[in-house]
Amino acid sequence: MEFLKDFWGFLKVRKKYWLFPLLLFLFLIGGLLFFTSSTAVAPFIYTTF
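Residues in the sequence shown are numbered consecutively from 196, following my numbering.
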């Protein structure tokens with residue numbers, strides 16, 4: 196949790212707000228691929244990419 200506070204502080208000070216949606220999107224895609232890699236849904240997820 197400390198990392199997230201530091202990261203948000205960095206974004207506010209450096210005015211790099213455009214990084215937040217980019218990193219959020221990357222984490223969501225990574226989580227989707229991680230959680231669906233061993234299920235029956237995996238073949239359908241991989242066809243969308």
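Backbone N, C-alpha and C define an ideal beta-carbon position, used for all residues, glycine too.
For Trp203, the enclosing alpha helix (DSSP H) stretches over residues Glu197 to Arg209. Distance from the CA atom of Pro216 to the CA atom of Lys207, rounded to whole angstroms, is 14 Å.
Leu227 and Phe239 have their alpha carbons spaced roughly 12 Å apart. The C-alpha of Phe202 is placed about 12 Å away from the C-alpha of Lys210.
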